[in-house]
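Everything on this sheet refers to the single structure shown next.
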Amino acid sequence: MKRTFLIILAALTLFSGCNAAPKRFSAVYTDVFDTVTEFTAYCESEEEFESLSEALHAELLRLHGIFDIYDLAEGINNAKSLNDGVKGDYPPELCELISFGVSMCELSGGQLNIALGSVLSLWSDCREKGVLPDADELLKRAEHCDIEKINLSGGEPSLEDPEMSLDFGALAKGYAAEKATEFLHGLGAERFALSLGGNISVSGEKPDGKWEIGVQSPDGGILTVLKISDLSVVTSGDYQRYYEVGGVRYHHIIDPKTLYPAKLWRSVTVVSKSSKEADALSTALFCLDLDSGKELLEKFSAEAVWVSYDGEVVRSKGFESYEK
Amino acid sequence: MKNKRPIFDALLISAIFLIAGAAFLCLKFSGRAGDRVEIRVGGELFATLPLGEDRVIDVNGLCVVKIENGSARVQSAVCKNQICVHHRPISRQNETIVCLPGGVTVKVAGSGGVDLISG
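So the sequence lines, in the order shown, correspond to chains C and V. All residue numbers for the first sequence refer to our numbering, where the first residue is 1 and numbers rise by one. All residue numbers for the second sequence refer to our numbering, where the first residue is 325 and numbers rise by one.
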């Protein structure tokens with residue numbers, strides 16, 4: 001009998017894992033980037049996590065203030081100041097984001113355009129009112145989306161066309177997640193996962209292995225589970241922000257070519273080392289056909305999975321290696 | 325010490341591995357249904373409630389959450405856009421309904437689910 005007991009004991013030990021690992025903590029912020037931010041980290045103590053979380057929250061609020069196109073920020077020029085035509089010094093983060101936006105526009109053949117602000121603001125006004133934008137008004141506004149009219153001289157960017165405005169909706173969260181990850185590394189954090197409204201950036205591994213990230217299926221539930229470390233995952237989907245007019249669904253990702261919501265895919269998820277590239281690419285790929293999307297993807301070290309309107313799931317060559 | 329029951333031991337060890345394997349597979353393929361709902365206001369935990377018990381909860385006058393037949397949804401909310409009210413009911417781990425204007429999140433929790441969801 002003693003022997004039986006010992007074998008059971010050994011089996012229990014095998015399945016329990018009895019080393020004293022750092023504990024897992026989570027925090028949620030609802031006041032940055034108009035979305036829900038979740039921060040999960042493994043720390044030795046609650047105090048350690050609390051101080052990390054507080055510092056991270058303050059950093060995210062700072063970045064949010066800089067990229068905000070709706071409200072001015074206190075004490076500094078921000079994206080709204082730039083759109084309003086204010087001259088002067090701008091924070092380096094904004095200049096960096098603009099440069100990144102300009103290079104992504106070039107690489108994507110204009111598919112990702114941060115100068116689309118005037119078109120996007122019309123859509124967003126109409127979404128609030130539950131009506132469709134006037135087609136002529138859309139075309140009129142599209143004349144003020146020339147990214148070449150952004151002047152990036154030193155730390156003093158300006159817009160040559162006073163009627164144009166910048167919108168960082170396709171980049172800001174990914175860029176902020178990247179900055180926040182660097183910020184947390186600077187504070188000594190190693191094992192954490194950050195989600196800015198589904199823009200996910202994970203660092204290191206959990207004590208029991210890689211982070212497990214579910215990719216949402218457009219119809220609800222989980223499409224697939226990724227096991228990753230030190231990577232970012234970003235999804236663009238037609239189900240995220242939308243409204244309906246006359247029974248037709250209009251979502252928030254506007255194709256710069258048509259000025260209307262892109263209708264090629266239900267969702268596109270991109271995995272990349274770079275969170276800002278993953279964010280930008282998911283939006284660009286959402287508006288591109290499969291071949292053009294794959295071509296763009298090849299310029300970066302990134303993988304993607306597409307879900308089409310008839311439910312077909314297409315993976316890029318290396319995507320499978322991340323799946324469980 | 326002489327082992328008098330080598331076959332019995334081998335059977336016992338195999339049985340333990342079989343049960344562990346079966347339990348693992350059950351957890352993996354059970355659709356990762358959650359067992360409780362965490363409601364937060366401004367990031368602070370407001371309530372944790374079992375998904376298995378039907379009920380209606382008023383969240384500080386910001387919205388009303390209804391738990392019914394193992395899933396949760398926002399029945400009504402005072403916000404303007406009503407995105408949370410239109411969200412389909414949630415029942416799987418880490419699925420979340422958000423009422424951003426009110427700072428309310430309703431999240432399904434459970435053990436063994438994924439860490440985060442990209443979507």
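We put the CB at the ideal spot given by N, CA and C, even for glycine. Bear in mind that the values here come from a model prediction, so they are computed numbers and not experimental data.
- Here the alpha carbon of V:V398 sits roughly 16 Å from the alpha carbon of C:G220.
- For C:W123, not one C-beta of chain V is nearer than 7 Å to its own C-beta.
- Using a Cβ distance threshold of 7 Å, C:A176 and C:L297 do not count as a contacting pair.
- Remark: C-beta atoms of C:A278 and C:L112 do not approach each other more closely than 7 Å.
- Leaving aside the five residues that flank C:E38 on each side, the residues in its chain whose CB is nearer than 7 Å to its CB run, in chain order, S26, V28 and S195.
- Taking C-beta separations shorter than 8 Å and ignoring five residues to either side along the sequence, the partners of C:K149 in its chain run A115, L159, E160, D161 and M164, following chain order.
- Pairing C:G130 with V:C403, the inter-Cα distance amounts to about 15 Å.
- Chain V places no beta carbon closer than 7 Å to that of C:I253, leaving this residue out of the contacts.
- In the DSSP assignment, V:P374 falls outside any alpha helix (DSSP H) and lies within the beta strand (DSSP E) extending over E368 to P374.
- Under the 7 Å criterion on CB atoms, V:G427 is classed as interfacial with respect to chain C.
- Chain-order list of chain V residues neighbouring C:E59: empty, with the shortest C-beta distance near 16 Å, by a criterion of under 7 Å.
- C:R241 carries a coil assignment under DSSP once its states are collapsed to helix, strand and coil.
- The straight-line gap separating the alpha-carbon atoms of V:L440 and C:V234 is approximately 12 Å.
- Within the DSSP secondary-structure output, V:K431 pairs in a beta bridge with V:E362 and V:T420.
- If you draw a 10 Å sphere on the C-beta of C:N77, you find 16 or more other C-beta atoms in it, and that means buried.
- In the DSSP assignment, the residues bridged to C:Y250 are C:Y243.
- One Cα belongs to V:L342, the other to V:F332, and the distance between them is close to 15 Å.
- Using beta-carbon distances, C:A284 does not count as an interface residue toward chain V, since no partner is under 7 Å.
- The secondary-structure analysis by DSSP pairs V:K390 across a beta bridge with V:V380 and V:R397.
- Contacts with chain V (Cβ-Cβ distance below 9 Å) from the stretch 196–214 of chain C involve G197, G198, N199, I200, V202, K206, W211, E212, I213 and G214, listed in chain order.
- Cβ contact annotation for C:S81 (same chain, cutoff 7 Å, sequence separation greater than five): L72, in chain order.
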